[in-house]
Each structure stands twice: as structure tokens, then as C-alpha cells.
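Below is one structure, written out as C-alpha cells; the observations come after it.
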Amino acid sequence: RYMKRQMLCRADIGRLDAPFVAIYESLIPPEEEKAKQKQLLSLLEKIVGKEWPDARLYIYGSCANSFGFSKSDIDICLRIDDADVNKSELLLKLADMLQSENLQNVQALTRARVPIVKLMDPATDISCDICINNVLAVFNTKLLRDYAQIDVRLRQLAFIVKHWAKSRGVNETYQGTLSSYAYVLMCIHFLQQRRPPILPCLQEMKTTHYVTIDNVVCAYFDQVENLVGFGSNNRESIAQLVWGFFNYWAYHHDYANDVISVRTGSILSKRSKDWTRRIGNDRHLVCIEDPFEVTHDLGRVVDKRSIKVLREEFERAAEIMQYDFNPCVKLFEPYIP
Ligand code: CTP
Ligand code: MG
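So the UniProt record's numbering is basically just the index in the sequence shown, starting at one, shifted up by 440.
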């Protein structure tokens with residue numbers, strides 16, 4: 441059984457809050473970026489509306505979930521209620537239309553896991569990916585955004601964790617490490633587990649928001665303006681939480697048996713989800729349950745090699761948070777292979 445190490449938080453941890461907050465603030469996108477995104481969205485709405493008047497466009501992912509950094513690309517979902525849509529044909533047609541409207545670098549990737557059209561808009565200098573009918577992503581984006589409104593420490597922690605993951609090269613699903621979406625879920629789960637809790641479990645509360653998409657139920661309490669101050673009995677500061685997060689994933693998470701679940705606000709067993717063995721390419725070496733698609737493990741991209749990389753990075757981060765005089769520099773040092 442994996443040996444658990446007990447560490448006490450360092451005595452001077454409070455000294456580290458200001459530098460972490462400064463990093464967080466430096467990554468927040470300025471207001472004018474939002475305006476440019478809206479401008480691009482209305483341009484695309486105009487173009488799409490000519491061909492498909494009933495279609496709708498939704499921004500999802502980091503530009504809409506409040507966990508996006510400055511200069512992120514935008515993710516857009518084209519919702520089109522046509523029973524017999526052939527996605528590839530539709531994407532190729534969309535690509536043609538965009539090209540003739542002078543958008544740049546237009547490319548249809550019809551064979552990707554999530555097929556998309558990529559483009560760059562020279563007027564706003566924004567790049568974007570358009571997918572079709574990936575409506576679940578629109579609703580999990582809303583769930584993340586709703587959680588972010590409850591306590592600012594979620595957004596702070598997730599920004600630091602994402603910045604760390606990008607700097608250290610462990611935010612690359614095609615290399616077997618985790619998506620930004622997975623890291624944000626890990627942060628939400630961590631804050632649900634603090635005592636006293638910093639975040640509630642919205643899916644265990646009264647349902648005020650309800651939709652079903654492809655037989656998946658998305659139901660939760662979304663009147664989050666009534667939950668501001670929920671975590672105020674917990675006074676932990678951002679530096680303590682960053683320390684605790686890495687300490688948890690380095691030394692306290694039970695990789696052999698546990699599944700983290702934002703949906704239930706608790707830890708489930710791999711056995712209860714039947715995630716105990718490799719099926720096809722899904723190995724379940726680290727298990728993060730999707731809040732809505734509960735058969736979906738966001739850790740399934742992780743393989744035998746990358747689990748080692750990930751765990752070594754968590755341990756490195758935990759050691760730095762524990763012992764380094766100036767962790768805010770060392771933590772984000774780029775990984776050079
Ligand atoms: N998504 C999903 N299931 C996944 C991965 C992603 O549903 N396995 C959806 C989520 O709605 C997520 C969006 O796709 O918000 C974009 O995913 P990702 O690129 O991981 O996150 P971003 O928030 O866009 O992060 P980044 O800033 O790194 O672009
Ligand atoms: Mg993205």
C-alpha cells in the first residue's frame with residue numbers, strides 16, 4: 441500500500457500569498473479581450489446565419505468558464521438541430537464559407553476526436569476552434585463558471601495550477617497528461633473537501649437548472665449568487681491552498697483505489713465505477729469523474745509512462761512548496777526535456 445507522508449505546512453506560508461495573488465492577477469485577461477471575442481462571435485453568427493438561420497453559436501471552454509488566461513484561443517460550439525447532419529460535410533461546408541469571408545488559416549479537421557474547423561480572424565487577431573453540437577461541453581462550462589462565482593480562491597488556485605501545468609509540460613492530453621478541464625475539476629474537488637468546505641457540491645443541492653443532452657442529465661443548483669460567502673468559515677489563504685493541493689496529489693491521493701468526484705463532492709472507489717482494469721486504451725491510472733458524463737474518466741488519457749511524469753511533477757511541486765525560499769519562481773520554471 442502506498443505510504444502516506446505527513447507534512448506540516450511551513451510556518452512562513454503567509455509570506456507567499458502576495459506573490460501568488462500577483463501571478464494570478466497578471467494572468468487575468470483584460471476587459472478589451474472580452475469585447476474582441478464578442479466582435480468575432482457576432483461576425484461568425486452573421487456568416488453562419490446566412491446558411492443555417494436556426495443554428496446558434498455558443499462560446500465554451502476557457503473563454504467562458506472564467507478559467508481562461510489572457511490571449512487564449514476561443515472554443516465555439518455550433519448548435520444545429522438537423523436530424524441527419526453529417527458532421528464532416530457540415531464542417532467542410534462551414535470551412536468553405538469562412539474562407540470566402542476572408543477569415544485566415546481556415547482548416548477543417550474532420551478526423552479529430554472532436555472534429556473542428558480552425559480559423560484566425562485578422563480583425564481581432566483571435567484564433568478559434570468551432571465544433572458541432574458538443575452541447576455537453578457548453579453545460580460543463582456553465583458548471584465551472586458557476587463554481588467560480590462562489591469563492592475567488594477557486595479561480596486563484598486553478599490559475600496557479602494551470603500555469604504550473606503549462607510551464608511544466610503536463611497539460612498535454614496527446615502526451616498522456618491532463619487537460620485544463622481536468623485540472624479545474626481537481627481544484628473544485630479539493631476545495632469541496634477542505635474542512636470547513638470552501639465550495640459546496642452544487643449537484644447534491646436543490647435542482648434549479650435542468651437540461652438533458654443525449655440522455656445525459658445536467659441538473660444542479662445554479663443560483664450561485666446566493667452562495668457567495670459559503671466558504672467564509674474557512675480562512676485558508678491561496679498559498680496554503682496551493683501547498684495543500686500539491687501535497688494531496690503528491691502524498692495523500694490513493695491512486696490505486698480512489699476516484700475524485702465533483703458530482704458527489706466526495707471520493708468514490710474505482711471498484712464502484714468498474715474502473716479497476718484497463719479496457720481498450722482506458723487505463724484509469726488516475727481517476728477524475730466527469731460531473732455529467734459519469735462514465736467518462738478524464739484521467740483515461742494517462743498511461744504507464746505519463747502517470748510517472750505526473751506524480752513526479754506533483755512531488756516536485758510539493759517539495760518546492762514545503763522547502764523552497766521562493767517557490768513562486770521555482771514552481772513555474774519551464775520543463776526542458
Ligand atoms: N472538455 C470536455 N471534456 C474533456 C475535455 C474538455 O468536455 N475531456 C470541454 C470542457 O467544456 C472544457 C472545454 O472542452 O471547458 C475546453 O477544454 P480544455 O482545452 O481542456 O480547457 P480550456 O478551459 O479551454 O483551457 P485552456 O486555457 O488550456 O485552453
Ligand atoms: Mg481551450
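Beta carbons: idealized from backbone N, C-alpha and C, even for Gly.
Note that the C-beta distance between His629 and Val699 is not below 7 Å.
At a cut-off of 4 residues, the continuous stretches assigned as alpha helix (DSSP H) that sit fully inside the region 610-658 are 620-633.
Distances from the CA of Thr735 to each of Met626, Val664, Ser712, Ala535 were compared; the closest alpha carbon is that of Ser712.
Residue environment for Leu750: buried (at least 16 other C-beta atoms within 10 angstroms of its C-beta). Separation of Asn542 and Phe460 (C-alpha to C-alpha, rounded to the nearest whole angstrom) is 42 Å.
For Ser701, the uninterrupted beta strand (DSSP E) segment begins and ends at 698-701. Beta-bridge pairing by DSSP links Val749 to no other residue. In the three-state scheme derived from DSSP, where H, G and I count as helix and E and B as strand, Gln479 is classed as helix. By the neighbour-count criterion, in which 16 or more other beta carbons inside 10 Å mark a residue as buried, Thr581 falls on the buried side. Inclusion of Asn505 in the 6 Å shell around ligand 1 follows from its C-beta lying nearer than that to a non-hydrogen atom of the ligand. Judged by DSSP secondary structure, Val742 falls outside any beta strand (DSSP E); it is assigned neither H nor E. For Tyr621, the distance from the CB to the nearest heavy atom of ligand 1 is below 6 Å.
Nearest to Cys517 by C-alpha distance, out of Val554, Ser510, Arg455, Asp536, is Val554.
Placement of the Cβ of Tyr660 at a distance of 6 Å or more from every heavy atom of ligand 1 is found.
Sorting Leu639, Phe579, Arg718 by C-alpha distance to the C-alpha of His649 places Phe579 at the top. Per the DSSP secondary-structure output, Tyr775 pairs with nothing in a beta bridge. Taking a cut-off of 8 Å on C-beta distances, the region 715-723 does not touch the region 640-660, as fewer than three cross pairs fall below it. Within the same chain, Cβ atoms closer than 6 Å to the Cβ of Glu753 are found at Arg608, Val610, the five residues on either side in sequence being excluded. Under the three-state reduction of DSSP, Asn580 is assigned to helix.
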